[in-house]
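Protein chains in written order, with my numbering: chain Y, 1 to 250; chain L, 1001 to 1070.
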């Protein structure tokens, strides 16, 4: 049986919110201690970030392809379970954060070896974007609407499709796939800028989902789900900023 | 510690502090009291439009790549 929260909350630009819903269920009968709150979601995001930093530190100090690939695969499985079983988010979201830390630590070492100082730049810009967009959202400077959601979801799907085709072309003899995705020319840098912007605007959808979720008083485990969705977007944003910075320094 | 680390490290710490402080407050009335808020509670999402735009974006970049632009 599908959880009531999924009947209430549907799709956002973030793939983790990709659930269908049928009605407008209410959670008024839940006790206050079992309802989703903003504070709870932010605290849980902090826990996930700490877990991610912890394993990223391990992977940074002991660079090992097995750790990286293992982290990527486990992270993907944990993400899938969280998306399809949000009630398990309390246990799968921390696993996702730990696994992604291993992956991110490893990939950061590779970039840092080629472009010294790039890691701290990417981390600073990622969290800088997070804080700026949070302020823009909270103050109402950016007001997400249905059309905004449509554009961000569509653009995210389009980029996903492009990356998928690129991987397929690379895997089946198409050289390096779609050329400009990796190039440091004008098109390549422009493409990366667009992708960074789309990834960043996904954060606004995450904020709106969390804000409305706490207004409606969704069940407590949705705090983990909201924190997980923010983590997914932050991981994507970090990787895209890392890629953009590397193109700029080539 | 070089300037790069001080500047971007400081930016990261400051931004996290802003996130953990302001994230716990409700959004302003200007944000919450609107008629055109995203309605997460009903299935108003237009999948056909989404797919069309997504395919458009994909084809645009794919065509540009086909032309050999990089």
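Idealized CB from N, CA, C, for every residue including glycine.
Pair within 9 Å by beta-carbon distance, residue 1038 of chain L and residue 158 of chain Y: Here residue 1038 of chain L is taken as the residue at index 38 of the second chain, counted from 1. Here residue 158 of chain Y is taken as the residue at index 158 of the first chain, counted from 1. In this structure, residue 1038 of chain L keeps its C-beta atom at 9 Å or more from the C-beta atom of residue 158 of chain Y.
message: Taking its Cβ as the centre, do 16 or more other Cβ atoms sit within 10 Å of residue 1003 of chain L, making it buried, or is it exposed?
response: What you label residue 1003 of chain L is simply residue 3 of the second chain in a count that begins at 1. With fewer than 16 Cβ atoms within 10 Å of its Cβ, residue 1003 of chain L is classed as exposed.
query: What separation, rounded to the nearest whole angstrom, lies between the Cα atoms of residue 222 of chain Y and residue 130 of chain Y?
result: As a working note, residue 222 of chain Y is residue 222 in the first chain. As a working note, residue 130 of chain Y is residue 130 in the first chain. Going by the C-alpha atoms only, they are around 20 Å apart.
- request: Would you check whether the ligand FMN has a heavy atom nearer than 8 Å to the C-beta of residue 122 of chain Y?
  value: What this structure holds is no ligand at all, so the ligand FMN is not there to describe.
- request: Classify residue 44 of chain Y as helix, strand or coil using the three-state DSSP reduction.
  value: As a working note, residue 44 of chain Y is residue 44 in the first chain. Looking at residue 44 of chain Y - three-state DSSP - the assignment turns out to be helix.
message: Quick check on the DSSP output: the alpha helix (DSSP H) that includes residue 27 of chain Y runs from which residue to which?
response: The count along the first chain starts at 1 and reaches residue 27 of chain Y at position 27. Segment: none, residue 27 of chain Y is in no alpha helix (DSSP H) and carries neither H nor E.
- prompt: Using a Cβ cut-off of 7 Å, which residues of the segment 197-222 of chain Y contact any Cβ in chain L, in chain order?
  reply: 208, 209, 211, 212
- prompt: Where do the N-terminal and C-terminal ends of the alpha helix (DSSP H) with residue 1089 of chain L fall, by residue?
  reply: Here chain L covers residues 1001 to 1070 and nothing more, so residue 1089 of chain L does not appear.
query: By DSSP, does residue 144 of chain Y sit in helix, in strand, or in coil?
result: Here the question's residue 144 of chain Y lines up with position 144 in the first chain. Residue 144 of chain Y: coil per DSSP, three-state reduction.
query: Secondary structure at residue 219 of chain Y, three-state DSSP: helix, strand or coil?
result: Taking the first residue of the first chain as 1, we reach residue 219 of chain Y at position 219. Residue state, collapsed to three classes: strand.
query: Out of curiosity, what's the CA-to-CA distance linking residue 1047 of chain L and residue 149 of chain Y?
result: Residue mapping note: residue 1047 of chain L aligns to position 47 of the second chain, counting from 1. Residue mapping note: residue 149 of chain Y aligns to position 149 of the first chain, counting from 1. Rounded to the nearest angstrom, the two C-alpha atoms are 11 Å apart.
message: Quick check: is the beta carbon of residue 241 of chain Y nearer than 9 Å to any beta carbon in chain L?
response: As a working mapping, residue 241 of chain Y is identified with position 241 in the first chain. Not one chain L Cβ lies under 9 Å of residue 241 of chain Y.
- request: Using 10 angstroms around the beta-carbon of residue 94 of chain Y, count the other beta-carbons present and answer buried if the total reaches 16, otherwise exposed.
  value: Position 94 of the first chain, counted from the start, is the residue given in the question as residue 94 of chain Y. The residue is buried, with at least 16 neighbouring Cβ atoms inside 10 Å.
field: Validate contact between the segment 71-78 of chain Y and the segment 114-121 of chain Y using beta carbons, cut 8 Å, 3 pairs
entry: no
- request: Give the straight-line distance between the Cα atoms of residue 57 of chain Y and residue 113 of chain Y, rounded to the nearest whole angstrom.
  value: The residue you call residue 57 of chain Y lines up with position 57 of the first chain. The residue you call residue 113 of chain Y lines up with position 113 of the first chain. Approximately 16 Å between the Cα atoms of the pair.
message: Between L:1057, L:1021, L:1061, L:1040, which has its C-alpha nearest residue 134 of chain Y's C-alpha?
response: For the purposes of this step, residue 134 of chain Y is taken as the residue at position 134 of the first chain. Nearest C-alpha to residue 134 of chain Y among L:1057, L:1021, L:1061, L:1040: L:1021.
query: Taking the DSSP output, what are the residues bridged to residue 35 of chain Y?
result: On the first chain, position 35 is the one that residue 35 of chain Y refers to. Paired residue(s): Y:219.
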